[in-house]
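Notes to accompany the following structure.
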Amino acid sequence: MFDLDEAFKEIQRGCVEIIDEKRVKELLTSYLKNGETFYVKAGFDPTAPDLHLGHTVLIQKLALFQKYGGIVQFIIGDFTGMIGDPTGKNETRKKLDKKSVLENAKSYKEQVFMILDPKKTEVLFNSKWIDELGASGMLELTTTFNVARMLEREDFDKRYKSQTPISISEFLYPLLQGYDSVVLKSDIELGGTDQKFNLLMGRTLQRSYNVGKEQAVLMMPLLEGLDGINKMSKSLNNYIGVTEDANSMFGKILSINDSLMWRYYELLSTKTLDDIRVLKENVRVGFLHPKVAKEQLAMEIIERFHNEEKAKIAKEEFNNIHKQNLLPTDIESFELDGPIWIAKALVDAKLEPSTSNARRDIKQGAVKIDQVKISDEQLQLQSGTYILQVGKRKFANVKVK
RNA sequence: GGUGAGUUACUCAAGCGGCCAAAGAGGGCAGACUGUAAAUCUGCUGGUUUUUACCUUCGAAGGUUCGAAUCCUUCACUCACCA
């Protein structure tokens, strides 16, 4: 069916750390021999249903486990989301109502099943069993742990020492996440490196509650965003969303630098490590242009979230704009009353935020009309149709009446 | 609750009566160079067709002054130390 060593290598790929490798191997072996499936758990915050490639690193790893006998327990942390994971932030969260949780869950599913096999996935809400826990159950849960150990967690420790407030409820977060593992009897839990403490809590609690096994823990790195420095996140606007259209995905992937490209290959591509090594070597000796390697990566990712056809079109489109200086096909159109001052037209066509800025860009030679650079900032557009361009990427089709 | 410090543009941060649309850094945008990138160099980065000008901005509201981001008063918020 599959080779154990090969499978394990694939699983190890990109991981920062695996705790209890032996157990992972055992699970794979027993699936190989007896067809016994096992549970792989991962939790997601219900507040942000817009997935980006940073999230898919983890989800792809889940999909890999499905290939090797894993049943994925996809947990929507609707209860824990109310507390807010204290990791690295101190904003207070708003409580989500049932309706928006369900809506978020729905869009989660749509996005996640582009990668995961729905037949081998259980989508679960952790409020279900945590609500049942009740006050006494909650109290019992807290007796399994003490404050000193809680403060072992790095960011609690930092905040405690620097006298930044820690809410009592935040202590509950790791406990409840761990309790999920108790109820679900998970065999493996995946998470980001920032989740280490919470993931280990699952092991501790499974022991305390005599589940009869302790989950293995597999930690994935946080994917760097387009800038190559910060982790990919929506707030930094350095992300590629899985629902983005093919053209913008292509452009964004091509804009990353070469070293980041290999990082993306490792964490996002389904090519084998050997194939990637060959690719890398070919680029190194100059046999393959790095741009081509990057295009291949972009194609693969777009195929995953759209299809092959769209990937091809996106590639052509991109090369049209950049290489051959042709125009993109889907330029937004505007109708304006003429004659109109060029700076005003640029603002009206949403290419510039203000006429002052438009003037500055004209002075710098960033503005083109029908592909011809202009320098006269007093220019009046007479009636007719024009293609206005600012910089390399911003276009508009303008009809002056 | 007490005491002290602070609140300046996208962010950090200088300015402490006129030369302030406000230094510097980061970020962003653009130009050159490239591979479409990165790195590098350069320019721009409140608004307005009065563009060596005018208008609105320095937590909020008042006040002093010929003139206030700068001084005074009140209010709001943030932080630190003490309780």
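Here my numbering runs 255 ahead of the position in the first sequence, where the first position is 1. Beta carbons: idealized from backbone N, C-alpha and C, even for Gly. From a predicted model like this one, the values you see are computed outputs, not experimental measurements.
Looking only at its chain, what residues have a beta carbon closer than 8 Å to the beta carbon of A379, apart from the 5 residues adjacent to it on each side? It is worth fixing the name first, because residue 379 is Leu in this sequence and not Ala. These residues qualify, in order along the chain: Q328, F329, I330, I331, L439.
Short Cβ contact (8 Å threshold) for Q255 with K375: Residue 255 falls outside the range modelled here, since the chain spans only 256 to 656, and no answer is possible.
Whose C-beta lies closer than 8 Å to the C-beta of K570 among residues of the same chain, with five residues either side of it excluded? F505, E550, A553, M554
Residues in the same chain with beta-carbon distance under 8 Å from I595, minus the five sequence neighbours each way, listed in chain order, please. D603, Q635, L636, V655
Beta-bridge pairing of Y641 - partner residues as DSSP gives them: V653
Is P301 buried or exposed, if buried means 16 or more other CB atoms sit within 10 Å of its CB? buried
Indicate the three-state DSSP secondary structure (helix, strand or coil) for S588 in the structure shown. strand
Can we say the region 427-444 touches the region 387-400, given the rule of at least three CB pairs closer than 8 Å? yes
In its own chain, which residues sit with a C-beta less than 6 Å from the C-beta of S285, not counting the 5 before and 5 after it? E291
Local Cβ density within 10 Å of Q315, reported as buried at 16 or more and exposed below that: buried
Please name the residue in K649, G639, P608 whose C-alpha comes closest to that of I622. A quick correction: the sequence has Val, not Ile, at residue 622. Minimum Cα distance to V622 is reached at K649.
Integer Cβ distance of L478 from L522, believed to fall under 8 Å: 6 Å
M369 - DSSP class collapsed to helix/strand/coil: coil
For E499, count neighbouring Cβ atoms within 10 angstroms of its own Cβ and tell me buried if that reaches 16, exposed if not. buried
Based on DSSP bridge pairs, tell me the residues matched to F329. A297, V378
If you draw a straight line from the alpha carbon of V312 to that of K618, how long is it in whole angstroms? 44 Å
Can you tell me whether M554 is helix, strand or coil according to DSSP? helix
Can you tell which of N502, E587, K353 has its C-alpha closest to the C-alpha of K605? E587
Burial state of P608 (16 or more Cβ within 10 Å): exposed
Using 10 angstroms around the beta-carbon of K264, count the other beta-carbons present and answer buried if the total reaches 16, otherwise exposed. exposed
Going straight from the alpha carbon of M393 to that of F334, what length do you get? 13 Å
Should the region 508-525 be regarded as contacting the region 381-388, the criterion being three or more beta carbon pairs within less than 8 Å? no
Leaving out the 5 sequence neighbours to the left and right, which residues in its chain are closer than 7 Å to T584 when beta-carbon positions are compared? E572
Which residues does DSSP list as the beta-bridge partners of L445? L473
Suppose you measure from the CA of R268 to the CA of L406; what does that come to, to the nearest Å? 31 Å
Which same chain residues end up closer than 7 Å to T610 when comparing Cβ atoms and leaving out the 5 residues on each side of it in sequence? A598, K599, V602
DSSP three-state label for E272, please. strand
Nearest to V653 by CA position, among K526, D625, L308, E632, is which residue? D625
Pull the bridge partners of V627 from the DSSP assignment, please. I624
Just verifying my parser: in three-state terms, what is the DSSP assignment at K567? helix
Using three-state DSSP, classify K618 as helix, strand or coil. helix
Cβ-Cβ distance between I274 and A403 below 8 Å: no
So V295 packs on T448, CB below 8 Å; how close in whole Å? Contact doesn't hold; Cβ gap of about 18 Å is too wide.
Please report how far the alpha carbon of D530 lies from the alpha carbon of V538, in whole angstroms. 12 Å
Kindly indicate the opening and closing residues of the alpha helix (DSSP H) around A600. 597-603
Is it right to say L491 is buried, meaning 16 or more other beta carbons lie within 10 angstroms of its own, or is it exposed? exposed
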